[in-house]
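Read through the structure below, which is laid out as structure tokens, and then see the notes.
Chains as they are written, first to last, in the working numbering: chain A, -14 to 181; chain B, 21 to 113.
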């Protein structure tokens, strides 16, 4: 298969196929998370007391720190792509490493939150609020893990063989995915922690 | 990047967006201490989140710099998303 169409802009769309494919995937991801938000709204309407009482048990401070960590990782992801596009592979590696560290920090903080809930005998089956809370944040955390894997792969490739500037499109596509993961959290954060 | 912006300008815009996102995060947490009313608090939260989302999509995700036709890939699912949420909340279906 020729790779030309994956790295050069097409005359009819003005973008290369890799980016178009990622946007189509992200469009489907919007609908995937729409299901969760829809379920959340319906269940909240039916169990407003349970939802209000349970949401107040969540740790807002920790979640705010986690929001900042994820937004920071979005910045470094954007900077790492920009560096590679400019042909500065050392900076690309530096910013990609920071992004990976932030991603792991996010998962670590999330695990701490989960662990402190478990230690208070709060589980996904405790009530409908925590069922939706663990489902939504759990699927979001899976998306974070899904982002870490190609990031580590790219970093490894860059360290072993070098990452060519001509392949910066792949980093851009991964960046699109990563910013989307950040976007989902931007909506999850007020929905689960703040509106009650 | 077919935007006519220099790398320095793009990098600067990334940092500006990051700062704006941090300020909006602080703001959305701060306003929870004020009680506007149950519905109003939700509306404020959603509005701030939407402002943050637009910044991320427009600058970090390059929608500002890319072919304008690409925006339909965001507008189309967002349209259905909003219809879906509107039906569940305002219409109470």
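Don't be surprised by glycine CBs; every beta carbon is placed ideally from N, CA and C.
Treat the numbers as computed from the prediction; the structure is a model and nothing was measured.
### Query
In or out: residue 34 of chain A buried (at least 16 other Cβ within 10 Å) or exposed?
exposed
### Message
If we define contact as Cβ-Cβ less than 8 Å, is residue 96 of chain B a contact residue for chain A?
### Response
yes
### Query
Counting along the chain, where does the alpha helix (DSSP H) carrying residue 63 of chain B start and finish?
58 to 75
### Message
What does the Cβ neighbour count give for residue 175 of chain A, buried or exposed, with the cut at 16 atoms within 10 Å?
### Response
buried
### Query
So which residues of chain A does residue 78 of chain B contact, with C-beta pairs closer than 7 Å?
Residues of chain A passing the Cβ test: none, with the nearest at roughly 11 Å.
#### Entry: Members of the region 129 to 140 of chain A that neighbour chain B once the beta carbon cut-off is set at 8 Å
none
### Query
DSSP three-state call for residue 85 of chain B: helix, strand or coil?
coil
### Query
Residues of chain B with a CB under 9 Å from the CB of residue 45 of chain A: which are they?
49, 52
### Query
According to the Cβ coordinates, are residue 168 of chain A and residue 30 of chain B closer than 8 Å?
no
### residue 96 of chain A versus residue 152 of chain A - alpha carbon distance
34 Å
### Message
So residue 177 of chain A and residue 121 of chain A are supposed to be a Cβ contact under 8 Å. How far apart are they, rounded?
### Response
7 Å
### Rounded C-alpha distance that separates residue 13 of chain B from residue 81 of chain B
Because chain B in this structure spans residues 21 to 113, residue 13 of chain B falls outside the shown range and cannot be described.
### Cβ contact (3+ pairs, closer than 8 Å) linking the region 36 to 49 of chain A and the region 96 to 111 of chain A
yes
### Task
For the region 144 to 161 of chain A and the region 2 to 12 of chain A, state whether three or more C-beta atom pairs, one from each stretch, are separated by less than 8 Å.
yes
### Query
Excluding sequence positions up to five away, which residues of its chain have a Cβ less than 7 Å from the Cβ of residue 129 of chain A?
88, 91, 92, 166
### Task
Confirm, please, whether the CB-CB distance from residue 45 of chain B to residue 49 of chain A is below 8 Å.
yes
### Query
Would the region 16 to 31 of chain A and the region 111 to 126 of chain A be scored as touching if the rule is three or more Cβ pairs under 8 Å?
yes
### Task
Mind reading off the beta-carbon distance from residue 62 of chain B to residue 180 of chain A? Whole number of angstroms is fine, and I expect it under 8 Å.
5 Å
### Query
Mind checking if residue 65 of chain B is an interface residue toward chain A, Cβ cutoff 8 Å exclusive?
yes
### Helix, strand or coil at residue -13 of chain A [DSSP, three-state]
Low confidence applies to residue -13 of chain A: its pLDDT is 46, below 50, so where it sits in the model is not reliable enough to give any reading.
### Query
Just how far apart, CA to CA, sit residue 87 of chain B and residue 78 of chain B?
12 Å
### Environment of residue 36 of chain B [buried if 16+ CB atoms lie within 10 Å]
exposed
### Task
Check whether the Cβ atoms of residue 83 of chain B and residue 40 of chain B lie closer than 8 Å to each other.
no
### Message
Could you compute how far the alpha carbon of residue 51 of chain A sits from the alpha carbon of residue 49 of chain B?
### Response
13 Å
### Message
For residue 98 of chain A, which residues in the same chain have their Cβ closer than 7 Å to its Cβ, ignoring the five residues on either side in sequence?
### Response
44, 47
### Message
Whole angstroms are fine: how far does the CA of residue 58 of chain B sit from the CA of residue 223 of chain A?
### Response
Residue 223 of chain A is absent from the model: chain A starts at -14 and stops at 181.
### Query
Taking Cβ to Cβ, would you say residue 93 of chain B is nearer than 8 Å to residue 9 of chain A?
yes
### Cutoff 6 Å; reference residue -14 of chain A; Cβ partners in own chain excluding five residues on either side
Note that residue -14 of chain A scores 41 on pLDDT, short of 50, meaning its location in the model is unreliable; the coordinates nonetheless yield the value given after this. Once the five neighbours on either side are set aside, residue -14 of chain A has no close Cβ partner at all.
### Message
Taking only three categories from DSSP, how would you classify residue 164 of chain A?
### Response
helix
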